Structure formats: C-alpha cells, structure tokens
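S.K.: Please find one structure pasted underneath; my questions will follow.
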Amino acid sequence: MRASTRGVLLGVGLLSGCLGGTPISLPEVPEQSSLLLVQRHEETSHAVFLGGEVESLAVHEDPLWLGLYPFTPSSLGIEPGDDLTTLAPEETQALLPPDAAWDAETPGAPWRSLMTDEGPWMALSIPKMSVDACADLGGCITEDDPWRCNLNCDVPSPVAPALPTFACPPTWREADGPPGSGVVACMPPTPSGADCPQGALRLNTEAACGALSACPAEPGWPAAPVGAVVRYLDPEAASEGDGSIERPWRTLAAALTDAPDGATVLIAEGTLTAGGVLRDKSVRLIGRCPTETHVEAPETALTCEDSQVELTGLHLTSARSEAALLRLTRCQATLSAVDLEGPGTAITATGGVLRASRLRTRADVGIRSEGTDVELDTWDHGGRVGLDATRGSARLAHARLDGRSRASGAGVTLTAVPTATVSDLSAVSFDGVGIQLLGQSRSTRLEDITMTGEAQEAIVAWLVDLSPELPQPTLHLARVGLLDVRRGVQAKGIVLAGEDVVAHAVGGVALSVAPSPVWPAPTVINRMWATGATSPVIDLDDGAATGMVTDVQGSDWLVGPREGDVDVRYVVRTRPDGRLTLRRAYLVPGHHSAYFARCGETWFEDVTVARGSLTGLWIHAEQPSHLTRVRLLGGTEAALEVGVADADCTVGDVLLEEVEFMPCDTCQAGIQVLQGGRLSGRRVSIRGHKRGLSTEGDAEVDLTESALLDNNVGFHLSSIALMERLARGVRLRNARNFEFSSP
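Per our numbering, the sequence shown runs over residues 5 to 747.
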C-alpha cells in the first residue's frame, strides 16, 4: 500500500456470498509498511496483505480488522493478495501483533482504533523464511527480527581506519611511505662519514669541520684565567727552570711535580716528548691550542691520582698500543678542547669524575671508566670502542662516533650504570654494537640518536641477569634513527618506552622485545617506522614462555619488509604470553603475512594491512583478540586467518568491529576460520573474493550488521548446520551465497 490516505473499493468476489463493492477509507501507511486485512465469516475467514495491484477485495457483511505491519509481504516470501489462511508452506511461524490496529463492524463503517493485542492476529501463521531464501531475495534475517526477511538490510560500510601520522622532529624530513599507502613518515638526517683532521671536529648538525679551539692570534703564552696562580712550561726552553716566566719548566713531569696546589700552568707552542704524574693536588694545564701544543709520550701522557686536573688546548699522542694517553684514578678531571690520538686507549678513569667538552679522540678505545661519573659534551671519536663505562653514571651529549668498521667494536657500552643519558649522538660504521646496556641499571635515556652501518647491532639492552628484588630497569628512546643497520633495537627484561623511532634493518629484526626470566618487557612505542630484510621485522616472541604477560603498546606504526627483500615471512610476531595493543598502523605483509599471533592477545584499532602473498593477519590465539576499524587489502590464501596454532594454545575469541576486506579477485578467502577457531563480528564487509568467509570443522562464527557482497561464494561452510545461525544479520549478494564442504 502506498504511503497515503485513500479510498479503496472492496469488491470482486473471493469468497462465496459476496456483496457489492463498498468504498472505504484506509489509514496512512508509512514506507516499507503494509496493511493486513482480516475478516471472519461463520467458520471461515481470510487474511490478506494489501499493496501493489491488490487494492479491492470482496468481503462479507461481517466485522473487519486492519493491522499495520512494518514490512512488505515480499519480506515473508509472499505476494499482496495471498491469503494467509490458505497458504501451506513447509514451515510456519506465528504472526506477531501489528504496530497499530483498527476494526470496523461492517464494510464502510468507521474504523475504530484498538489495542494491538486485540483481534485475530494471534491465530494466524505466516511462512518461515530461511536465511538462504532471504539471501536470494537480497535481504537478511536479523536476530532482533528473526521471523521475516528484511529486504532493506543495507548495513553501513565499516568506518575507514585512520592512517598513522608522524610529526617530524626538528632537522628530520618528511618521507613517503609504501606506494599507495597515503602515509607520510619522517626520516632523520644521515650522519656524515667524512673525518675531520687533527685539532678539528664536526657536530652532527654541522656541514663542515671546525677547530676544537682557536689558536691565539699573538705569539707567546696562552691567556691565563683571571686571578689564577700562574706557572709556565715551554717545550723549547734551554733548560729545566722553576716555572717562572723567566725560567719556565721544560718538561711536563717537572711541571706536575713542582707546581703548587691550585696553580695554572700555561704551555707554549711546541712538543713535549714525555708525560708526567699528578698526585694529591689540583693543577690546571692550558696550551695555546691543540694544533700548536703537543705532548708526544712514549706511553701515558698524563697520570692523575687522587687529584684535580684541568686540560685545555692540548694535543696528546702515544706510540704504545697498551698505554692509555690519559690515566685517571680517583681524580676530578675536566677537559676542554683536547685532542688525543694513539693506538691504544685515549682515557681510562677509575672512580672520581670525568668532564669533557669539545673533545676529539682517535684511538682503539676512546674512554674506559670504572665507577666514574662521566659527563661528555661535544665529542668526536674514531675507533673500535667509544665509551665503555662500568658503574658510576654517564651523560653524553653532542657526540659523533665512527667505528672505522673495526671488528667487535661498540660505540657506547654501559655496564651496571644506574642512570645514563645519551643525546644528539651519531654512530657510524661499527662492526659490533652501537649502544649496549649490560647488567643492572635503573634508567637510561637515548635521545636524538642516529646510527648507520650494515654490520651494526644498533641498540642492545639484553638484560637477563637481573635481580627481582631491585627496580626493573627502564630504557627511553626519543627521536632515534637507525638507518641501514644489521639489527635495530633489541630489548630483554627491560621497560621500554619510545617515540619517533626509525629502524631500517638490513640483516635482522628492526625491533625485538622479550622478557627475562624474572621480568616481563612492558613496551610503549609511538610513531615508529620499521623495515627489515629477514623475518620478522618486529619480533615479540623469543620462543620462551615465562608465565608473565608482556604488554606491548604502540601507535602510529609503519612496518614492512625493505623494498625488494623477499625473505621476510612475518612482519610482526607476538609471543604466547604477550599482549599487543596497536593503534593507527599500516602493516605491509612479508611473503607469508603481516602479523602472526601465537596464543597471545591482540588489540588492533585503526589498522590497515596491505595486500600480502598468503595472509594478511594470522591469529592463532587462546587469548581474546579485538580488531576495530581495520582494513585488509587481501592475501592469496586469506586476508585474515583464525585458528589454533599449537597443542598448548587453546581456543580464543577473535572479535571484529568495523572491519573491511577490500575486493581481491585473486584472493581465496576474506576470512578463513580453521578447526577450533572462534570469530564474531559486527559491521564486517567482505567484497570481491573467491570466498567471503570459509570455515573448517568445528569452527564457530557469528556475524551481525555485516555484508558479504560480490564474492564468487559468500559463505563456504564446513556444515549446512552452520548456515541458519551464521547468516542471520548478514546481507548477501554473491554469485553463490552458500557452499558446503559436508552435509
């Protein structure tokens, strides 16, 4: 019936004893609604839906009932005018009360409103519509309206996931993500590999080398600090003097021995050919500049014990590999504009404090400390090992470390250092580790770090021998770029937090997180771009179950294989006792899948999975997995596979909400639920696959407000028994809506 109030002529006999037609008025009918006309006559009655061409009916001079129903007759599989009292379908169901009802004493009499539970409705039956018959009509049967076919069951398309966003830090530049992704990521500046000559260094943000310190324009002694007690040392003096300006010392040994406590020793240009020892006092040594004042010692240039020493404007060298150029024992040492070169170790420090600014070292080992508080600002080092600190504390800022591709090197090693901060560091060409943390620590911060070198393990915090009685160590990363390194970040038994991380690995994982025997590895990383050449790119599963839940959280991730690399099987892999929460991510699958969850727990929100070789997401888990606003572009086997991976991995629920499987005519299935898998979804859309959703064995599936459209087969089910429950609330429009592997 059309949505208007109109006169209808009741005539043309359908029952015996017909009367002449009598015009009557009918109530206004909303769109997609119908009027059911019922009349009883002695022992017989008729009940027909009005609509279409059926606008006049013969009636007896007996009472009439009129009911308003929020559907059309076709949603029951019948046509307007079909008499419900004469239909004999295989299955029937009771007719529910109408939304509104009226009665009239005779045709043409006024309609009177009555309660909807009054009237003949309860005695009538209607055909029971099967889900496949409803699907053939292009409709769906819903849980909240299970007794009819809803022909207007268009479900809203899933909300598209938000893409990851990156706000580039200062000095970083924008860089396009994978083609077609629409993601714009960030890249840090690439460290320069060019070396600076003796007496010069280059900061990470500078394009050219600059002098450690400017040489005085006038010949003679360097300037003395105001108020200093001054003594003099001249490498070109004719003989050993007393340190006065008239009779300066000629050797460093004499100056360190004879200088009064607290004295400042000014050193003229020239070369001292032997070192010296400072004990139990405070001395300041000031040269003209590192290119004019030199100490060329056969072994150690300066030994400091239980003293305070300041070095400025000096160049120290040694020819012996086992010797340390500067040896500090329980000293308070301050270095400024100092250049140290030698085949061994530039500085060793035991206890005390080492402070240095504008420092250049060229040695096998730059600084090795034991129980020393180390503070370095503006350091340029070339050699196999940069800073190797044990205990004490460490603060390193504005450093450039070049490993020179020597074997088994390390840029920075912190062993049992309770607190450490490394900022504005570039490390290149280390054939070993860029930064490594060993032993018990409390807090380490790495900020504004860039590393390159295909043989380099970039950052390793592999803490396994930790005491559960002490606070768990933490590592914070901020603005870290690991470019073309062998492996990126490897963390074990540590609390890891980071933001703005780029890790491009050429020989291993970009990020590896694992618990230790006594500690889980809680991790939060925001804004990360990770690529790798081997499987997986991000590894959260070291294969060892601990019984502790390792919680990994991330937002704004871009993860995939390196362009052209085919050895990546999984891009992200999670552990059995882990939980991964990922918001705003774009995952590019490897040659198997983008994500493999083995028994762990998965929470995805706003995630896009690019087209993969076999599968997009492979979730075999005993813990709940929740996927909200996820878009999958397909895989040749399945965009999403759900099942049970191992004998020790029991069944877990996979919950989908607002998940879209984009058209893929080469993909076998949008969703494949294996034996033992359980999946439920709301607002799931699968389009353009060979099979929309496929099940095996005793798999359990439940979908609502969903659509499987334009697939070769909508549902490929392991049993016909699944059809009635599974297809309720699902809109189907496929070449074949159902296919079964067994009766």
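C-beta atoms are modelled at their ideal positions from N, C-alpha and C, and glycine is treated no differently. On a predicted model such as this, the values are computed, not experimentally measured, just so you know.
Roughly how many angstroms lie between the CA atoms of Gly492 and Glu250, to the nearest whole one?
M.R.: Indexing the sequence shown from 1 puts residue 492 at position 488. Indexing the sequence shown from 1 puts residue 250 at position 246. Rounded to the nearest angstrom, the two C-alpha atoms are 60 angstroms apart.
S.K.: How is the alpha helix (DSSP H) around Cys4 delimited, first residue to last?
M.R.: Residue 4 is absent from the model: the chain starts at 5 and stops at 747.
S.K.: Quick one: Cα of Tyr73 to Cα of Ser37, how far?
M.R.: Taking the first residue of the sequence shown as 1, we reach residue 73 at position 69. Taking the first residue of the sequence shown as 1, we reach residue 37 at position 33. So the two alpha carbons sit approximately 6 angstroms from each other.
S.K.: For the pair the region 620-633 and the region 600-607, tell me if three or more CB-CB distances fall below 8 angstroms.
M.R.: The region 620-633 vs the region 600-607: in contact.
S.K.: Return the first residue and the last residue of the beta strand (DSSP E) that Asp343 is part of.
M.R.: The count along the sequence shown starts at 1 and reaches residue 343 at position 339. Unbroken beta strand (DSSP E) run through Asp343: Gln336 to Glu345.
S.K.: Here's the rule: buried if 16 or more other CB atoms are within 10 angstroms of the residue's CB, otherwise exposed. What is Thr538?
M.R.: The sequence position of residue 538 within the sequence shown is 534, counting from 1. When all chains shown are included, Thr538 counts as buried.
S.K.: Rounding to the nearest angstrom, what Cα-Cα distance links Gln476 and Ala241 in this structure?
M.R.: Stepping through the sequence shown from its first residue, residue 476 is reached at position 472. Stepping through the sequence shown from its first residue, residue 241 is reached at position 237. Rounded to the nearest angstrom, the two C-alpha atoms are 59 angstroms apart.
S.K.: Determine the contact status of Ala401 and Asp384, defining contact as a CB-CB distance below 8 angstroms.
M.R.: As a first step, residue 401 is located in the sequence shown; it is residue number 397 there, counting from the start. As a first step, residue 384 is located in the sequence shown; it is residue number 380 there, counting from the start. No, these two residues do not count as a Cβ contact at 8 angstroms.
S.K.: Going along the chain, which residues of its own chain have a beta-carbon closer than 6 angstroms to the beta-carbon of Cys293, five neighbours each way excluded?
M.R.: Indexing the sequence shown from 1 puts residue 293 at position 289. Counting only Cβ-Cβ distances below 6 angstroms, and skipping sequence neighbours, we find Ser217, Cys219 and Gly317.
S.K.: Who are the Cβ neighbours of His720 in its own chain at under 6 angstroms, not counting the five residues just before and after it?
M.R.: For this step, residue 720 is matched to residue 716 along the sequence shown. For His720, where only same-chain residues beyond five positions count, the Cβ hits under 6 angstroms are Arg695, Ser698 and Glu743.
S.K.: Does Ile249 come out as helix, strand or coil in the three-state DSSP assignment?
M.R.: Looking up residue 249 in the sequence shown gives position 245. Of the three classes helix, strand and coil, the one that applies to Ile249 here is coil, per DSSP.
S.K.: Using a Cβ distance threshold of 8 angstroms, determine whether the region 74-90 contacts the region 107-127, with at least three qualifying pairs required.
M.R.: The region 74-90 vs the region 107-127: no contact.
S.K.: Out of curiosity, what's the CA-to-CA distance linking Leu380 and Asp265?
M.R.: For the purposes of this step, residue 380 is taken as residue 376 along the sequence shown, with counting starting at 1. For the purposes of this step, residue 265 is taken as residue 261 along the sequence shown, with counting starting at 1. Distance between the alpha carbons of Leu380 and Asp265 is about 26 angstroms.
S.K.: I need the straight-line Cα distance from Gly407 to Leu486, nearest angstrom please.
M.R.: Walking along the sequence shown from the start, residue 407 turns up at place 403. Walking along the sequence shown from the start, residue 486 turns up at place 482. Spanning the two alpha carbons is a distance of roughly 15 angstroms.
S.K.: For Ser286, collect the residues of the same chain with a Cβ closer than 7 angstroms to its Cβ; drop the 5 residues on either side in sequence, then sort them by chain order.
M.R.: Numbered from its first residue, the sequence shown carries residue 286 at position 282. Hits under 7 angstroms: Asp265, Gly266, Ser311 and Gln312.
S.K.: Counting C-beta neighbours from all protein chains within 10 Å, is the total for Ile724 16 or more, i.e. buried, or is it exposed?
M.R.: The count along the sequence shown starts at 1 and reaches residue 724 at position 720. That one is exposed.
S.K.: Below 8 angstroms, how does it come out for the region 349-368 and the region 230-245: are there three or more Cβ pairs, yes or no?
M.R.: Touching, no.
S.K.: Throw me the rounded Cβ distance for the Val717 and Val677 pair, which I believe falls under 8 angstroms.
M.R.: In the sequence shown, counting from the first residue as 1, residue 717 sits at position 713. In the sequence shown, counting from the first residue as 1, residue 677 sits at position 673. Not a contact, Cβ separation roughly 15 angstroms.
S.K.: Nearest to Arg331 by alpha carbon, out of Ala341, Glu296 and Val369?
M.R.: Here residue 331 refers to the residue found at position 327 when the sequence shown is read from its first residue. Ranking Ala341, Glu296 and Val369 by Cα distance to Arg331 puts Val369 first.
S.K.: Below 8 angstroms on the Cβ atoms is my contact criterion, and I expect Val572 with Val541 to pass it. Report the Cβ-Cβ distance as a whole number of Å.
M.R.: As a position in the sequence shown, residue 572 is number 568, starting the count at 1. As a position in the sequence shown, residue 541 is number 537, starting the count at 1. Confirmed, Cβ separation roughly 6 angstroms.
S.K.: Using a 10 Å radius around the Cβ and a threshold of 16 neighbouring Cβ atoms, would you call Met666 buried or exposed?
M.R.: For the purposes of this step, residue 666 is taken as the residue at position 662 of the sequence shown. By the 10 Å Cβ count, Met666 comes out buried.
S.K.: At the level of alpha carbons, what is the spacing between His595 and Leu618?
M.R.: Counting from 1 along the sequence shown, the entry for residue 595 is found at position 591. Counting from 1 along the sequence shown, the entry for residue 618 is found at position 614. One C-alpha to the other measures close to 7 angstroms.
S.K.: In terms of residues, what are the limits of the alpha helix (DSSP H) holding Asp107?
M.R.: Translated into positions along the sequence shown, residue 107 becomes position 103. Careful: Asp107 lies outside any alpha helix (DSSP H), inside the beta strand (DSSP E) at Ala104 to Ala108.
S.K.: If we count the other Cβ atoms within 10 Å of its Cβ and call it buried at 16 or more, is Pro593 buried or exposed?
M.R.: Stepping through the sequence shown from its first residue, residue 593 is reached at position 589. Looking at its Cβ environment, which holds 16 or more other Cβ atoms inside 10 Å, Pro593 is buried.
S.K.: Output the boundary residues of the alpha helix (DSSP H) element that contains Asp706.
M.R.: Walking along the sequence shown from the start, residue 706 turns up at place 702. No alpha helix (DSSP H) holds Asp706; the beta strand (DSSP E) holding it covers Glu704 to Thr708.
S.K.: Suppose you measure from the CA of Gly536 to the CA of Gln440; what does that come to, to the nearest Å?
M.R.: For this step, residue 536 is matched to residue 532 along the sequence shown. For this step, residue 440 is matched to residue 436 along the sequence shown. C-alpha separation (whole angstroms): 20 angstroms.
S.K.: Contact defined as beta carbons within less than 8 angstroms: I believe Asp435 pairs with Arg410. What is the distance between those atoms, to the nearest angstrom?
M.R.: Start at 1 with the first residue of the sequence shown, and residue 435 comes out as number 431. Start at 1 with the first residue of the sequence shown, and residue 410 comes out as number 406. Yes, they are in contact, since the Cβ atoms of Asp435 and Arg410 sit about 6 angstroms apart, within 8 angstroms.
S.K.: Measure the C-alpha to C-alpha separation of Ala403 and Ala341 and round it to an integer number of angstroms.
M.R.: Here residue 403 corresponds to residue number 399 of the sequence shown, with the count starting at 1. Here residue 341 corresponds to residue number 337 of the sequence shown, with the count starting at 1. So the alpha carbons of these two residues sit roughly 14 angstroms apart.
S.K.: For Asp581, tell me which candidate among Asp546, Glu122, Phe170 and Val269 has the shortest Cα-Cα distance.
M.R.: Within the sequence shown, numbered from 1, the residue matching residue 581 stands at position 577. The candidate whose alpha carbon is nearest that of Asp581 is Asp546.
S.K.: Taking the beta strand (DSSP E) that Leu487 falls in, what are its first and last residues?
M.R.: By 1-based counting over the sequence shown, the position of residue 487 is 483. Per DSSP, Leu487 belongs to the beta strand (DSSP E) from Thr478 to Lys496.
S.K.: Gly11 by DSSP, collapsed to three states: which one?
M.R.: Your numbering for residue 11 matches position 7 in the sequence shown. For Gly11, the predicted model reports a pLDDT of 33, less than 50, meaning its position is unreliable; a value from the coordinates is still stated below. Note: Gly11 maps to strand in three-state DSSP.
S.K.: I'd like to check one pair, Asp343 with Gln202: are the Cβ atoms closer than 8 angstroms?
M.R.: For this step, residue 202 is matched to residue 198 along the sequence shown. For this step, residue 343 is matched to residue 339 along the sequence shown. Yes, these two residues count as a Cβ contact at 8 angstroms.
S.K.: When you compare each of Arg737, Val563, Ala731 and Glu700 to Asp714 by their alpha carbons, which one comes out closest?
M.R.: Along the sequence shown, one-based indexing puts residue 714 at 710. The shortest C-alpha separation from Asp714 is found at Arg737.
S.K.: Mapping the DSSP letters down to three states, classify Asp714 as helix, strand or coil.
M.R.: Indexing the sequence shown from 1 puts residue 714 at position 710. Coil.
S.K.: Is it buried or exposed, Met5, if we count other Cβ atoms within 10 angstroms and call 16 or more buried?
M.R.: Position 1 of the sequence shown holds residue 5. Residue confidence is low: Met5 scores 29 on pLDDT, short of 50, so the model does not pin down where it sits. No coordinate-derived value is stated.
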